[in-house]
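Peer 1: Okay, handing you the structure first.
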Amino acid sequence: MAPWGKRLAGVRGVLLDISGVLYDSGAGGGTAIAGSVEAVARLKRSRLKVRFCTNESQKSRAELVGQLRRLGFDISEGEVTAPAPAACQILKERGLRPYLLIHDGVRSEFDQIDTSNPNCVVIADAGESFSYQNMNNAFQVLMELENPVLISLGKGRYYKETSGLMLDVGPYMKALEYACGIKAEVVGKPSPEFFKSALQAIGVEAHQAVMIGDDIVGDVGGAQRCGMRALQVRTGKFRPSDEHHPEVKADGKLHLTGFRGTVPTASSSDSLHFSEEPGRNPGASYAQILQPRTKSASLRLPRHTAHHPTPETMPARCFFYPPSHLCRQRPGAAPEGTVKAPMPHSENCSLCVQGTQGTFWTYCWTDLKVSCPVCAGGN
């Protein structure tokens with residue numbers, strides 16, 4: 001697999017999932033995932049183009065944004081791509097009148113839609129409204145149509161709330177597909193059209209964007225099929241088995257990394273870098289903008305558990321992310337554990353990591369960034 005610098009070179013835009021990445025929904029408005037508020041703030045300060053791309057279908061965009069703002073997020077309604085508004089546009093363009101099997105919280109999005117004499121069904125995460133009666137009503141509408149149309153706002157299997165995992169719209173959509181012998185039209189992730197609309201909103205091509213989400217199929221797989229790179233967080237609905245999915249492999253895993261100091265401002269020559277391994281306290285997704293060609297102000301880091309003391313200050317240009325919780329020995333030293341080369345993000349660190357300057361820094365990584373003494377010394 002290519003180094004991080006190559007895999008994420010040229011990234012200009014980030015699509016962020018919301019549920020399971022920024023917060024876990026639930027009673028009282030849910031809770032922000034540790035570190036996610038600051039992660040979003042830093043992404044925005046980096047001047048990357050950021051778009052929130054969600055399958056949320058129990059709330060209107062206005063309600064969702066209001067809830068996130070109360071949790072501390074810097075987000076506006078115009079920054080959110082959600083399936084309900086997209087579905088309304090489709091209904092209007094095609095003259096469709098839906099039977100709405102949806103949650104009351106999102107019903108306001110359909111206020112301008114004619115629902116008399118239904119000629120299609122729109123299904124979303126209806127929660128408690130997924131009663132037998134309502135499902136059977138939807139089934140009857142579809143069976144009475146010569147060319148039945150079933151529109152599903154997403155197709156997720158489940159999601160995570162503060163009280164635990166919850167069934168999503170996907171299982172109910174599949175039940176209607178099976179009963180009626182039809183195929184639903186999915187509006188939302190992993191639909192390519194949904195991702196494309198989010199990219200168009202920020203003016204970024206697919207190859208210039210990265211998707212960050214917790215769903216290996218809907219977020220990661222869907223984005224990759226559109227030509228984007230995709231990274232998975234270890235929060236929300238993430239399961240360890242996702243790493244061995246038979247069809248989808250994320251371009252990387254993300255975690256929130258402790259960071260002290262001022263983040264360098266992004267420019268057109270900057271690269272977007274992510275930590276490759278999850279760490280012990282993954283938290284939320286986190287992207288760091290670095291300036292590998294410009295020596296910025298030194299940043300203070302906590303001291304590491306190491307065979308030799310780790311410098312507490314080092315230039316931002318010299319940071320790299322070690323691949324896992326492993327010890328790295330100097331050439332000739334007795335091996336400890338499995339040796340894996342760190343991931344450099346600049347040529348300076350690359351030279352040192354490859355041993356051309358004759359030294360390696362011996363360290364144990366504990367979820368923190370480290371750098372070699374040669375590069376940290378200003379060479």
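For the sequence shown, the positions run 1 to 379 when full-length UniProt numbering is used.
Ideal Cβ positions, reconstructed from N, Cα and C, are used throughout, including at glycine.
(1) Roughly how many whole angstroms lie between the Cα atoms of Q224 and G154?
(2) Between the C-alpha atoms of N119 and E177, what's the straight-line distance to the nearest angstrom?
(3) How many angstroms separate the CA atom of A230 from the CA atom of A179?
(4) Check this for me: beta carbons of D24 and K189, under 8 Å apart or not?
(5) Inspect the CB distances between the segment 92 to 105 and the segment 66 to 83 and report whether three or more fall short of 8 Å.
(6) Cα separation between I113 and A138?
(7) Under the rule that 16 or more other beta-carbon atoms within 10 Å means buried, what is Y132, buried or exposed?
(8) Spatial neighbours of T294 within its chain, please: CB distance less than 6 Å, with the 5 preceding and 5 following residues excluded, ordered by chain position.
(9) Determine the burial state of T115: buried for a count of at least 16 other Cβ atoms within 10 Å of its Cβ, exposed for fewer.
(10) Excluding five sequence neighbours on each side, which residues of the same chain lie with their C-beta closer than 7 Å to the C-beta of residue 392?
(11) Between the Cα of A27 and the Cα atoms of L16, G164 and D125, which residue gives the shortest distance?
(12) Count Cβ pairs between the segment 12 to 23 and the segment 209 to 218 that sit closer than 8 Å; are there 3 or more?
(13) To the nearest angstrom, how far is the alpha carbon of N55 from that of P83?
(14) Would G235 be called buried (16 or more neighbouring beta carbons within 10 Å of its own) or exposed?
(15) Rounding to the nearest angstrom, what Cα-Cα distance links V11 and R45 in this structure?
(16) DSSP puts Q232 in a beta bridge; with which residues?
(17) Rounded to whole angstroms, what is the Cα-Cα separation between S60 and Q232?
(18) Using a Cβ-Cβ cut-off of 6 Å (strictly less than) and excluding sequence neighbours within five positions of L68, which residues of its own chain qualify?
(19) Only counting runs of 3 or more residues, tell me where the beta strand (DSSP E) segments fall wholly within the segment 79 to 165, in order along the chain.
(20) Pull up the distance between the alpha-carbon of E144 and that of H207, whole angstroms please.
(21) Taking only the alpha-carbon atoms, compute the straight-line gap between S152 and V187 and give it to the nearest angstrom.
(22) Please determine, among Y172, G222 and S36, the residue with the shortest C-alpha to C-alpha distance to E193.
(23) When DSSP builds the beta bridges, which residues end up paired with Y23?
(24) Apart from the five residues just before and just after C226, which ones in its own chain have a Cβ nearer than 6 Å to its Cβ?
(25) Does DSSP put K196 in a helix, a strand or coil?
(26) Please state whether the Cβ-Cβ distance between D125 and V65 is less than 8 Å.
(27) Where D251 and N117 are concerned, what is the direct C-alpha to C-alpha distance, given to the nearest angstrom?
(28) What separation, rounded to the nearest whole angstrom, lies between the Cα atoms of K237 and K253?
(29) Kindly indicate the opening and closing residues of the alpha helix (DSSP H) around C53.
(30) With DSSP as the reference, label E38 as helix, strand or coil.
(31) Could you tell me which residues DSSP puts in a beta bridge with G13?
(32) From the DSSP output, which residues share a beta bridge with L167?
(33) Expressed to the nearest angstrom, what Euclidean distance is found between the alpha-carbon atoms of V220 and K49?
(34) Could you give the distance in angstroms between the alpha-carbon of H245 and the alpha-carbon of R157?
(35) In its own chain, which residues sit with a C-beta less than 6 Å from the C-beta of M228, not counting the 5 before and 5 after it?
(36) Taking just the CA atoms, how far does L16 sit from I202?
Peer 2: Quick look at the numbers:
(1) For the purposes of this step, residue 224 is taken as residue 224 along the sequence shown, with counting starting at 1. For the purposes of this step, residue 154 is taken as residue 154 along the sequence shown, with counting starting at 1. When rounded, the distance between both Cα atoms is 17 Å.
(2) Numbered from its first residue, the sequence shown carries residue 119 at position 119. Numbered from its first residue, the sequence shown carries residue 177 at position 177. Cα to Cα, the separation comes out at about 16 Å.
(3) What you label residue 230 is simply residue 230 of the sequence shown in a count that begins at 1. What you label residue 179 is simply residue 179 of the sequence shown in a count that begins at 1. Cα to Cα, A230 sits roughly 34 Å from A179.
(4) As a first step, residue 24 is located in the sequence shown; it is residue number 24 there, counting from the start. As a first step, residue 189 is located in the sequence shown; it is residue number 189 there, counting from the start. In this structure, K189 does not lie closer than 8 Å to D24 by Cβ.
(5) no
(6) Counting from 1 along the sequence shown, the entry for residue 113 is found at position 113. Counting from 1 along the sequence shown, the entry for residue 138 is found at position 138. I113 and A138: Cα-Cα distance of roughly 17 Å.
(7) Taking the sequence shown and counting its residues from 1, one reaches residue 132 at position 132. Exposed, by the Cβ-count rule.
(8) In the sequence shown, the residue the question calls residue 294 occupies position 294. Its pLDDT being 30, under 50, T294 is placed unreliably in this model, and the value from its coordinates should be taken loosely. None.
(9) Within the sequence shown, numbered from 1, the residue matching residue 115 stands at position 115. Classification for T115: exposed.
(10) Nothing about residue 392 can be read from this structure; the chain reaches only from 1 to 379.
(11) Counting from 1 along the sequence shown, the entry for residue 27 is found at position 27. The shortest Cα separation from A27 among L16, G164 and D125 belongs to G164.
(12) yes
(13) As a working note, residue 55 is residue 55 in the sequence shown. As a working note, residue 83 is residue 83 in the sequence shown. Each residue's alpha carbon lies about 6 Å from the other.
(14) In the sequence shown, the residue the question calls residue 235 occupies position 235. Checking the sequence, you will find Thr at residue 235 rather than Gly. So T235 counts as buried.
(15) Within the sequence shown, residue 11 is the residue found at index 11, counting from 1. Within the sequence shown, residue 45 is the residue found at index 45, counting from 1. One C-alpha to the other measures close to 15 Å.
(16) Within the sequence shown, numbered from 1, the residue matching residue 232 stands at position 232. BP columns for Q232 point to G213 and K253.
(17) Locating residue 60 in the sequence shown gives position 60, where the first residue counts as 1. Locating residue 232 in the sequence shown gives position 232, where the first residue counts as 1. Spanning the two alpha carbons is a distance of roughly 25 Å.
(18) By one-based count along the sequence shown, residue 68 stands at place 68. Hits under 6 Å: I75.
(19) 98 to 101, 120 to 123, 150 to 153 and 158 to 161
(20) For the purposes of this step, residue 144 is identified with residue 144 of the sequence shown, where counting begins at 1. For the purposes of this step, residue 207 is identified with residue 207 of the sequence shown, where counting begins at 1. Using only the alpha carbons, I get a separation of about 44 Å.
(21) Mapped onto the sequence shown, residue 152 falls at position 152. Mapped onto the sequence shown, residue 187 falls at position 187. About 6 Å.
(22) If you number the sequence shown from 1, residue 193 lands on position 193. Nearest of Y172, G222 and S36 to E193, Cα basis: G222.
(23) Translated into positions along the sequence shown, residue 23 becomes position 23. Answer by DSSP bridge pairing, in chain order: S19 and A32.
(24) By one-based count along the sequence shown, residue 226 stands at place 226. Correct list, in chain order: P192, F195 and A206.
(25) In the sequence shown, residue 196 corresponds to position 196, counting from 1. Helix.
(26) Here residue 125 refers to the residue found at position 125 of the sequence shown. Here residue 65 refers to the residue found at position 65 of the sequence shown. Not in contact: D125 and V65 (Cβ atoms no closer than 8 Å).
(27) Indexing the sequence shown from 1 puts residue 251 at position 251. Indexing the sequence shown from 1 puts residue 117 at position 117. Answer to the nearest angstrom: the Cα atoms are 46 Å apart.
(28) As a working mapping, residue 237 is identified with position 237 in the sequence shown. As a working mapping, residue 253 is identified with position 253 in the sequence shown. Those two C-alpha atoms are separated by around 14 Å.
(29) Taking the sequence shown and counting its residues from 1, the one referred to as residue 53 is at position 53. Counting along the chain, C53 falls outside any alpha helix (DSSP H), though it belongs to the beta strand (DSSP E) covering K49 to C53.
(30) Here the question's residue 38 lines up with position 38 in the sequence shown. Three-state DSSP puts E38 in a helix.
(31) What you label residue 13 is simply residue 13 of the sequence shown in a count that begins at 1. G13 pairs with K49 and A209.
(32) Translated into positions along the sequence shown, residue 167 becomes position 167. L167 is bridged to Y158.
(33) Counting from one through the sequence shown, the residue named residue 220 turns up at place 220. Counting from one through the sequence shown, the residue named residue 49 turns up at place 49. Rounded to whole angstroms, V220 to K49 spans 19 Å at the Cα level.
(34) In the sequence shown, residue 245 corresponds to position 245, counting from 1. In the sequence shown, residue 157 corresponds to position 157, counting from 1. Cα-Cα distance, rounded: 15 Å.
(35) By 1-based counting over the sequence shown, the position of residue 228 is 228. Cβ neighbours of M228 beyond the five flanking positions: A206, A209 and M211.
(36) Counting from 1 along the sequence shown, the entry for residue 202 is found at position 202. Counting from 1 along the sequence shown, the entry for residue 16 is found at position 16. So the two alpha carbons sit approximately 13 Å from each other.
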